[in-house]
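Residue numbers (full-length UniProt numbering): 1 to 479.
For every residue, glycine included, the Cβ atom is placed at its ideal position computed from N, Cα and C.
Working notes, structure below.
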Amino acid sequence: MTDTRPGLRSGATPLAVRMRPRSLDEVTGQRHLLTPGSPLVSLASDVAGEQGSVSIILWGPPGTGKTTLAQAIAHGSSRRFVELSAVTAGVRDVRQVMEKALSDRDLFGVSTVLFLDEIHRFTKAQQDALLPGVENGWVILIAATTENPSFSVISPLLSRSLLLTLEQLDDDDLGVLVDRAVSDARGLGGRFSLDDDARAMIIRLASGDARRALTALEAAAVSAQADSTAKARAEAGGEDEGGGDEEDDEDDEDEDGRRDVPAADPAPIPISTEQVALAVDRALLRYDRNGDEHYDVISAFIKSIRGSDVDAALHYLARMIEAGEDPRFIARRIIVSASEDIGLADPQALVVAVAAADAVQLIGMPEGRIPLAQAVVHLATAPKSNASYLGIDQAIADVRAGAFGRVPLHLRDAHYPGAKRLGHGKGYRYPHDADIGVVTQQYLPDELVGRTYYSPTQHGHERDLSARLEKLRRIVRGG
């Protein structure tokens with residue numbers, strides 16, 4: 001019997017593409033952008049294409065629905081929809097779209113929506129080519145980017161567009177998408193069943209990325225189908241080896257004659273957690289991003305860096321990466337560790353940590369694991385000091401306790417009219433006028449004179465800093 005139900009088909013369009021919503025009503029997540037009267041809803045509901053609409057920049061992490069929203073708008077509006085990718089398009093392509101949009105508007109009264117994916121990949125000159133069409137209303141631009149538009153989009157284009165920020169999908173949103181893909185005719189069409197554990201694993205590994213969730217589901221379905229086919233063949237082979245008498249053969253022929261008209265659809269093929277893990281090339285890890293194990297692994301990671309166990313630190317880094325932890329979250333924890341646990345014992349630690357975070361943002365995963373590992377090795381092997389961390393916490397404790405006093409008169413702002421009459425800046429000694437660049441002068445409020453917050457360790461760079469700091473305090477405090 002051949003299973004003709006929809007689902008996995010040879011050469012089929014990827015599941016994530018097949019399941020893209022055809023209207024804003026099918027969009028999951030981004031509820032803050034889809035309230036009645038919002039720009040996206042207004043643009044999609046303008047069936048006649050008669051309302052003037054502003055251009056829009058959609059900014060958000062991968063898999064949050066930027067392309068989905070643009071295409072849902074295209075389905076709901078009679079406007080001409082053109083899609084370009086900044087990866088492959090150039091100035092010539094943009095100008096051709098603009099010329100056609102102007103012609104369609106003037107000759108047929110049809111407006112054009114231009115969806116430009118990954119606009120941050122366009123150079124300044126390429127983005128400049130968009131300005132005439134956007135400014136004159138030849139096109140309504142919907143641009144998508146994963147980069148901060150303040151840095152990746154030119155100011156003239158940014159000022160002429162409405163910036164909408166997309167939020168990472170939560171687990172409930174991903175669950176809706178996965179369930180719909182399993183049952184919908186455009187998806188797996190009910191050919192597969194997904195147990196709760198396998199469903200939870202797909203959602204966890206997706207890390208808020210809808211495309212990743214559907215890709216993992218499709219890969220797991222392929223694996224489950226292959227296992228099911230292999231099992232069926234093995235069972236059929238076993239029956240053939242069993243043989244039988246002539247009457248049995250006749251019965252088989254009768255049965256074969258009825259197989260082309262099955263009484264009911266075959267049972268759904270189950271998808272297990274093992275198949276999900278194998279399909280997406282992940283180890284089965286006890287790691288729940290919302291549970292205790294999540295915090296245990298992160299805690300062990302930071303404590304391994306602090307404890308200078310580089311091998312343990314790399315182990316926990318690997319567990320977080322393989323469990324689908326957001327690499328940006330990992331990078332942030334590394335930056336915090338660089339300041340909290342290494343500090344000025346190795347001033348380069350923070351530089352390396354920030355550089356690793358930037359690198360992850362630029363190159364993404366899986367290559368991002370390499371700069372993350374480099375930063376972890378640097379931090380774990382660096383000399384350690386929490387002196388800066390302790391110092392700021394002690395200073396904050398004093399301020400919260402009300403021990404802050406008034407800024408000394410000679411340190412107050414003296415640039416505005418009347419300031420000198422109030423004594424502001426009077427008696428201030430300019431350190432650069434001194435031979436050694438340091439002068440005896442009170443900087444702390446009266447109530448805190450002599451208070452010490454920063455006490456360097458004897459580790460790494462702070463060993464040298466300690467002697468210099470002692471000399472500086474002696475001069476500044478007049479000791």
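Determine, using beta carbons only, whether residue i and residue j come nearer to each other than 8 Å.
| i | j | result |
| --- | --- | --- |
| L58 | V27 | no |
| D413 | H424 | yes |
| G190 | S183 | yes |
| L164 | I302 | no |
| A380 | D464 | no |
| M201 | T273 | yes |
| I142 | F192 | no |
| A129 | A216 | no |
In this structure, does DSSP put residue i in helix, strand or coil?
| i | result |
| --- | --- |
| E83 | strand |
| F329 | helix |
| E192 | It should be pointed out that residue 192 corresponds to Phe in this sequence rather than to Glu. In this structure, F192 counts as strand in the three-state DSSP scheme. |
| S223 | helix |
| R477 | coil |
| L34 | coil |
| S42 | helix |
| A48 | The pLDDT assigned to A48 is 49, lower than 50, so where the model puts this residue is not dependable; a value taken from the coordinates is nonetheless given after this. Reduced to three states, the DSSP call for A48 is coil. |
| T67 | helix |
| L284 | Note that L284 has pLDDT 42, beneath the 50 cutoff, so the model's placement of it is unreliable and no number is given. |
Excluding the five sequence neighbours on either side, which residues of its own chain have a C-beta within less than 7 Å of the C-beta of residue i, listed in chain order?
| i | result |
| --- | --- |
| K66 | L58, G60, A144 and L166 |
| S466 | P456 and Q458 |
| residue 483 | What the structure shows of the chain is the stretch from 1 to 479, and residue 483 is not part of that stretch, so it cannot be assessed. |
| N386 | E340, D341 and G343 |
Could you name the residues of the same chain whose beta carbon sits closer than 6 Å to that of residue i, not counting the 5 residues immediately before and after it, in chain order?
| i | result |
| --- | --- |
| A359 | P371 |
| Q275 | A220, S223 and A224 |
| L317 | V376 |
| N148 | none |
| G478 | T440 |
Using the Cα positions of residue i and residue j, report the straight-line distance between them to the nearest angstrom.
| i | j | result |
| --- | --- | --- |
| H461 | P14 | 54 Å |
| E253 | A236 | Note that E253 scores 48 on pLDDT, short of 50, meaning its location in the model is unreliable and no value can be drawn from it. |
| S337 | Q348 | 13 Å |
| E99 | S42 | 26 Å |
| R22 | A395 | 56 Å |
| S38 | Q71 | 17 Å |
| E218 | A44 | 30 Å |
| A86 | F115 | 10 Å |
| D446 | H432 | 24 Å |
| L390 | R400 | 15 Å |
| L422 | A382 | 50 Å |
| G90 | A419 | 57 Å |
| E135 | R160 | 7 Å |
| G244 | A232 | Low confidence applies here, because G244 scores a pLDDT of 48, under 50, leaving its location unreliable and the question unanswered by this model. |
| F404 | Q168 | 41 Å |
| R473 | G450 | 9 Å |
| V17 | R186 | 10 Å |
| E83 | L194 | 35 Å |
| E246 | I269 | Residue confidence is low: E246 scores 46 on pLDDT, short of 50, so the model does not pin down where it sits. No coordinate-derived value is stated. |
Considering only residues of the same chain and omitting the five flanking positions on each side of residue i, which have a CB-CB separation below 8 Å?
| i | result |
| --- | --- |
| I335 | L350, A353, V354 and A357 |
| R332 | A357 |
| residue 543 | One cannot answer for residue 543 here, as it falls past the ends of the chain, which runs 1 to 479. |
| Q127 | I119, V153, I154 and L157 |
| A373 | L314 and L317 |
Give the DSSP bridge partners of residue i, in chain order.
| i | result |
| --- | --- |
| V113 | F81 and I140 |
| P270 | S193 |
Let me check you understand the geometry: is the CB of residue i closer than 7 Å to at least one non-hydrogen atom of the ligand SAM?
| i | result |
| --- | --- |
| H120 | Of ligands this structure carries none, so the ligand SAM is not represented either. |
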